[in-house]
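Engineer: Below you will find the structure I want to go over with you.
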Amino acid sequence: MEAVIEKECSALGGLFQTVISDMKSSYPIWEDFISKAGKLQSQLRTTVVATAAFLDAFQKVADLATSTRGGTRDIGSALTRMCMRHRSIEAKLRQFSMAFIDCLINPLQDQMEEWKRGANTLDKDHAKEYKKARQEIKKKSSDTLKLQKKAKKGRGDIQPQLDSAMQDVNDKYLLLEETEKLAVRKALIEERDALLHLCVHAPACRG
Numbered sequence: 127m128e129a130v131i132e133k134e135c136s137a138l139g140g141l142f143q144t145v146i147s148d149m150k151s152s153y154p155i156w157e158d159f160i161s162k163a164g165k166l167q168s169q170l171r172t173t174v175v176a177t178a179a180f181l182d183a184f185q186k187v188a189d190l191a192t193s194t195r196g197g198t199r200d201i202g203s204a205l206t207r208m209c210m211r212h213r214s215i216e217a218k219l220r221q222f223s224m225a226f227i228d229c230l231i232n233p234l235q236d237q238m239e240e241w242k243r244g245a246n247t248l249d250k251d252h253a254k255e256y257k258k259a260r261q262e263i264k265k266k267s268s269d270t271l272k273l274q275k276k277a278k279k280g281r282g283d284i285q286p287q288l289d290s291a292m293q294d295v296n297d298k299y300l301l302l303e304e305t306e307k308l309a310v311r312k313a314l315i316e317e318r319d320a321l322l323h324l325c326v327h328a329p330a331c332r333g
């Protein structure tokens, strides 16, 4: 029984470390994504400014056509309508640019530090709890071994105490298994949180 639980705990511990390692190795990818998103947002902002300047100049041409004494007033009106339609595109582009920084880049930048702290805390807490559990198992196993030696020498009165000690060891192993399962569950939730965070915020950038 104990050998089976020991094997299960070892597998769970390995899975926990793999998940934590994957999380930590993903940070440069997230940081690169945020950096590239920042560069794109900068270009979008520049494009918005250039588009606004272009449409201002376009409107001046339309106004010129409208105000001349020649027969170009209808052309000026058509150009003004065209300019107004493009103003709506400019507004959408401006809205997208603002949403990109407010709804995606800034939240991800804020969350990055939280993810790092969360992973480090999980790792430290797991190491601390695992070490404590192992020490308790080692002590209980040592006590059980001593009682077994006494029982072999014919100490019949020691059997209830030995049975209790063996049950304690088994309980400690079961507790370790549950602790490892909980640690893995927390690590998996933390790992999923990053991608879910992106899924939640990215749609806002559609404008």
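Heads up, the sequence shown stops at 333 in our numbering, and the numbers go up one at a time, no gaps.
Think of the CB as a built atom: it goes at the ideal place given N, C-alpha and C, for glycine as much as any other residue.
(1) Which residue spans inside the stretch 251 to 310 form an unbroken beta strand (DSSP E) run of at least 3?
(2) Buried or exposed for LYS218, please, with buried defined as at least 16 other CB atoms from any protein chain shown within 10 angstroms of its CB.
(3) If you run the structure through DSSP and keep just helix, strand and coil, what is THR173?
(4) ASP228 lies in the alpha helix (DSSP H); which residues open and close that run?
(5) Using the Cα positions of LEU273 and LYS307, report the straight-line distance between them to the nearest angstrom.
(6) Would you report the Cα separation of GLN235 and ALA320, rounded to the nearest angstrom?
(7) Can you check which of these residues, MET224, ILE160, LEU141, is closest to VAL310 by C-alpha distance?
(8) Tell me whether ALA183 is buried or exposed, calling it buried when 16 or more other Cβ atoms sit within 10 Å of its Cβ.
(9) Between ILE284 and the rest of its own chain, which residues show a CB-CB distance below 8 Å, the 5 nearest in sequence each way excluded?
(10) Would you tell me roughly how many angstroms separate the C-alpha atoms of GLN287 and VAL145, rounded to the nearest one?
(11) What is the rounded straight-line gap between the Cα of ILE155 and the Cα of LYS254?
(12) With DSSP collapsed to three states, give me the class of THR247.
(13) Going by Cα to Cα distance, which pick from ASP228, ASP289, ALA137 is closest to THR160?
(14) Starting from the Cα of LEU271, find the closest Cα among ALA291, ARG260, TYR256, ALA259 and give me that residue.
(15) So, under 8 Å CB-CB, PHE226 and GLN169 are touching, yes? Tell me the CB distance rounded to an integer number of Å.
(16) Take GLN237 and list the residues in its own chain whose beta-carbon comes closer than 7 Å to its own, dropping the five residues that flank it on each side.
(17) Kindly indicate which three-state DSSP category ARG211 falls into: helix, strand or coil?
Structural biologist: Put simply:
(1) none
(2) As a position in the sequence shown, residue 218 is number 92, starting the count at 1. It is exposed - the Cβ of LYS218 has fewer than 16 other Cβ atoms within 10 Å.
(3) By one-based count along the sequence shown, residue 173 stands at place 47. THR173 falls in the helix class under three-state DSSP.
(4) Here residue 228 refers to the residue found at position 102 when the sequence shown is read from its first residue. Careful: ASP228 lies outside any alpha helix (DSSP H) and carries neither H nor E.
(5) Here residue 273 is taken as the residue at index 147 of the sequence shown, counted from 1. Here residue 307 is taken as the residue at index 181 of the sequence shown, counted from 1. Near 31 Å, if we compare the C-alpha coordinates of LYS307 and LEU273.
(6) Numbered from 1 along the sequence shown, position 109 holds the residue referred to as residue 235. Numbered from 1 along the sequence shown, position 194 holds the residue referred to as residue 320. Each residue's alpha carbon lies about 12 Å from the other.
(7) As a position in the sequence shown, residue 310 is number 184, starting the count at 1. When each option's Cα is compared against that of VAL310, the closest is LEU141.
(8) The residue labelled residue 183 in the question sits at position 57 within the sequence shown. Label assigned to ALA183: exposed.
(9) To locate residue 284, count along the sequence shown from 1; it is residue 158. So the qualifying residues of the chain are LEU273, LYS276, ALA277.
(10) The sequence position of residue 287 within the sequence shown is 161, counting from 1. The sequence position of residue 145 within the sequence shown is 19, counting from 1. GLN287 and VAL145: Cα-Cα distance of roughly 41 Å.
(11) Numbered from 1 along the sequence shown, position 29 holds the residue referred to as residue 155. Numbered from 1 along the sequence shown, position 128 holds the residue referred to as residue 254. So the two alpha carbons sit approximately 29 Å from each other.
(12) Counted from its first residue, the sequence shown places residue 247 at position 121. Correct three-state label for THR247: helix.
(13) Stepping through the sequence shown from its first residue, residue 160 is reached at position 34. The sequence as given places Ile at residue 160; Thr does not occur at that position. Closest option to ILE160, Cα to Cα, is ASP228.
(14) On the sequence shown, residue 271 is found 145 positions in, with the first residue counted as 1. Answer by Cα proximity: ALA291.
(15) Along the sequence shown, read from residue 1 onward, the residue named residue 226 stands at position 100. Along the sequence shown, read from residue 1 onward, the residue named residue 169 stands at position 43. Not a contact, Cβ separation roughly 11 Å.
(16) For the purposes of this step, residue 237 is identified with residue 111 of the sequence shown, where counting begins at 1. Within the same chain, GLN237 has close Cβ partners HIS323.
(17) Working through the sequence shown from its first residue, we reach residue 211 at position 85. Residue state, collapsed to three classes: helix.
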